[in-house]
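Undergrad: Residue numbers (this note's numbering), protein chains in the order written: chain W, 33 to 395; chain A, 70 to 245. Can you keep this structure in mind? I'll have questions shortly.
Here it is as structure tokens:
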């Protein structure tokens, strides 16, 4: 385990879950699984003194350093407290840490490997939050990896566990397995055809949470939705994985595909027009906000996966979703940027990459 | 429309679909929306608040007040504090507040028995672990009243009890 990380390199790195590959990757952005764990001999975070938090961080770090597993050697361990706001934000944009831990205070840290797509947050809501993220719908491999890390850590850390209630967590909504499996879906066709309400309704009877993000009125839509299990107690890990991965996600994917086919059949020209306009804006704008960027990237992504346009590659779009966010942009630029400057640099970055040029020549 | 958490205009309108609460619409500014969406997809506060409201709704004021004052002997958290924050104070709370938490677990999970993965190593006795947590609290209290001698004694006691699986090289690093 390395005791630092190169954040400039991280900003340039195209993460594992951005590959745009993996099963169903025309619709599924990523699969993420996390496990919540706590040390048995410390209070939960809310009742921790500063000294307790420091002890937890040091204990966990020392035990992680004692691990001899080769696959752990490439992990970076970063103390979040002294880190600059922008570096913390970068980790948030990478989804390696949560916004809560980034903005929190006191001793806290993260061990991560961006290439392998895993991170372990120390002193988040629970003492440990182990998570793995992969491109596309890939429940099996994601689970195997997170489970392996959990087993490895369990050899050196004593977990709070109750024979009846399972892994004990600060919040009773996570107790039992401590497992949350989330699939991030890109559902623009269901949004365009106004069917999301129907999808939501059909999901309500089962134990899943669907959360979406959409812009106000006719302005910007992001079209991204996250589906995850709601309960964690009283079901095996395999059942919870199957609920999201075999039952719910495939059903929503099927709805989205049908909606895309219907759009192609009935509204091909309108759709093609919208996709082309999105390309036009992102290729020529001189300043642009991150929401507007996301809105147009979403349309372009749809256009690519429906075969309406051939360029750019979906990988480029995935990369742009990530690297046009504030902290990435500022790291790539090598300095702190104000809002107006960010909008201008974002537009320049988009123009540059949509013209097929790479990072090295952008300035 | 203003953001639900600040004065900025609400530009994000998020619909959260959770059972048994049903759809909840949030109107947020960009900053709060990002914070909200970056949280994991568990809505603990809404789930807990609604489950507790249901559970405690039928209780008399006195019974509720009594429950609110109940405190964990290990970490010192009161049920009132848990109810307000949605977060427990230590692993022992699951034992101390067991009868109060069970209806909540049923409301949230519809189950009360863990059937999933188990750690391969046994976690020692619950008593000794609870004692460790209690000692940490005592140490904190000793430091607060500036009784450093007592704090140092407790620190030694904790060190002596510390989890024996700790790799030997770490003992020098755990305290400074």
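No residue lacks a Cβ here, since even glycine has one placed at the ideal position from N, Cα and C. None of the values given here were measured: they were computed from a predicted structure.
1) Residues in the segment 260–278 of chain W with C-beta within 9 Å of chain A's C-beta atoms, listed in sequence order?
2) In whole angstroms, what is the alpha-carbon distance linking residue 90 of chain A and residue 80 of chain A?
3) Looking at residue 131 of chain W and residue 89 of chain W, is the spacing between their C-beta atoms short of 8 Å?
4) At a CB-CB cut-off below 8 Å, which residues of chain A make contact with residue 209 of chain W?
5) Can you list the residues of chain W that residue 144 of chain A reaches, using a CB-CB cut of under 7 Å?
6) Check the Cβ of residue 156 of chain A against every Cβ in chain W and list those closer than 8 Å, keeping chain order.
7) Could you give the DSSP three-state label for residue 77 of chain A: helix, strand or coil?
8) Any beta-carbon of chain A closer than 8 Å to the one on residue 70 of chain W?
9) Mapping the DSSP letters down to three states, classify residue 45 of chain W as helix, strand or coil.
10) Which word fits residue 261 of chain W, buried or exposed, when buried means at least 16 other C-beta atoms lie within 10 angstroms of its C-beta?
11) Considering Cα atoms alone, identify which of A:98, A:155 and A:214 is closest to residue 120 of chain A.
12) Within a Cβ cutoff of 6 Å, which residues of the same chain sit near residue 317 of chain W, ignoring the five residues on either side of it in sequence?
13) Excluding the 5 residues preceding and the 5 following residue 133 of chain A in the sequence, name in chain order all residues of the same chain whose CB lies nearer than 8 Å to its CB.
14) Output the distance between the C-alpha atoms of residue 381 of chain W and residue 200 of chain A, rounded to the nearest integer angstrom.
15) Contact defined as beta carbons within less than 8 Å: I believe residue 340 of chain W pairs with residue 303 of chain W. What is the distance between those atoms, to the nearest angstrom?
16) Tell me, please, whether the CB atom of residue 186 of chain W is closer than 8 Å to any CB atom in chain A?
17) When burial is assigned at 16 or more other CB atoms within 10 Å of the CB, is residue 412 of chain W buried or exposed?
18) Verify the CB distance criterion: does residue 193 of chain W have a CB-CB separation below 8 Å to chain A?
19) In or out: residue 206 of chain A buried (at least 16 other Cβ within 10 Å) or exposed?
20) Suppose you measure from the CA of residue 137 of chain A to the CA of residue 162 of chain A; what does that come to, to the nearest Å?
21) Using a Cβ-Cβ cut-off of 8 Å (strictly less than) and excluding sequence neighbours within five positions of residue 60 of chain W, which residues of its own chain qualify?
22) Closer than 6 Å by C-beta to residue 82 of chain A: which residues in its own chain qualify, once you throw out the five before and the five after it? Chain order, please.
TA: Reading off the structure:
1) For the segment 260–278 of chain W, which is checked against every Cβ of chain A, the residues closer than 9 Å are 260, 261, 262, 263, 264, 265, 266, 267, 268, 269, 270, 271 and 272.
2) A caution first: residue 90 of chain A carries a pLDDT of 48, below 50, which makes its placement in the model too unreliable to give a value.
3) no
4) 183, 185 and 186
5) 75 and 79
6) Those within 8 Å of residue 156 of chain A in chain W are 76, 77, 78, 157, 202 and 203.
7) coil
8) yes
9) In the three-state DSSP reduction, residue 45 of chain W falls in the coil class, being neither helix nor strand.
10) Burial state of residue 261 of chain W is buried, judged by a 10 Å Cβ sphere holding 16 or more other Cβ atoms.
11) A:155
12) 379
13) 125
14) 57 Å
15) 7 Å
16) yes
17) The requested residue 412 of chain W is not part of the displayed model; chain W covers only 33 to 395.
18) yes
19) buried
20) 14 Å
21) 54, 168, 169, 215, 216, 217, 218, 281 and 285
22) 96
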